[in-house]
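Data first, discussion second: the structure below is written as C-alpha cells.
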Amino acid sequence: MKTTVDIPAKELEDLLQFTGAVTKKDAIVAAVTDFNRRRRMAELVKYAGTCDRFMTHEELMLLRETDRPLAAAPSARAEKLAAADAADGGLLR
Numbered sequence: 378m379k380t381t382v383d384i385p386a387k388e389l390e391d392l393l394q395f396t397g398a399v400t401k402k403d404a405i406v407a408a409v410t411d412f413n414r415r416r417r418m419a420e421l422v423k424y425a426g427t428c429d430r431f432m433t434h435e436e437l438m439l440l441r442e443t444d445r446p447l448a449a450a451p452s453a454r455a456e457k458l459a460a461a462d463a464a465d466g467g468l469l470r
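Next comes the structure, spelled out in C-alpha cells:
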C-alpha cells in the first residue's frame, strides 16, 4: 500500500541505523512489524496466570518418577484435567 508520510530526517536516519535496512521502505516495514509484534505480545500479557490447566509440581515429580502418563496414576487434579480435556476435545493443548 502506498502512502505519503512526513518523517523527520533524524528519526529516519536512526531507524535505518537501528534496523540495518538498506532502503527507507525496508526500515519502515521493519519498524511497523516490530511495533505490531510488541503490541500483540502486550495483549497476551493480560492472559498470564489465567490458565488453571497446568500440572502441579507434585504431578510433575510423579510423572518423572514413574515415567508414566498422569492418567496411569491419576490424582484429583489429573482427573479434573482429563475431564476438561474431554469436554473441549483437547483443543486447549
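Sequential numbering from 378 applies to the sequence shown in the working numbering.
Backbone N, C-alpha and C fix where the C-beta goes; we use that ideal spot for every residue, glycine too.
Given the structure is predicted, the values throughout are model-derived calculations rather than measurements.
Asked                                                                                                                                                     : Found
Do you know how far the Cα of A408 is from the Cα of E423?                                                                                                : The sequence given here places Lys at residue 423; Glu does not occur at that position. In a straight line, the C-alpha of K423 is about 24 Å away from that of A408.
Please give me, in chain order, every unbroken run of the alpha helix (DSSP H) with length at least 4 that falls completely inside the region 397 to 429. : 401 to 422
Between the alpha carbons of R414 and A404, how many angstroms are there, rounded?                                                                        : 15 Å
Report, in whole angstroms, the separation of the C-beta atoms of R454 and E436, which I expect to be a contact under 8 Å.                                : 6 Å
Determine the burial state of L421: buried for a count of at least 16 other Cβ atoms within 10 Å of its Cβ, exposed for fewer.                            : exposed
Check whether the Cβ atoms of L393 and R430 lie closer than 8 Å to each other.                                                                            : no
Assuming contact is defined by CB atoms lying nearer than 8 Å, are K401 and L389 in contact in what I supplied?                                           : yes
Whole angstroms are fine: how far does the CA of D462 sit from the CA of R470?                                                                            : Bear in mind that the predicted position of R470 carries a pLDDT of just 48, short of 50, making it too unreliable to give a figure here.
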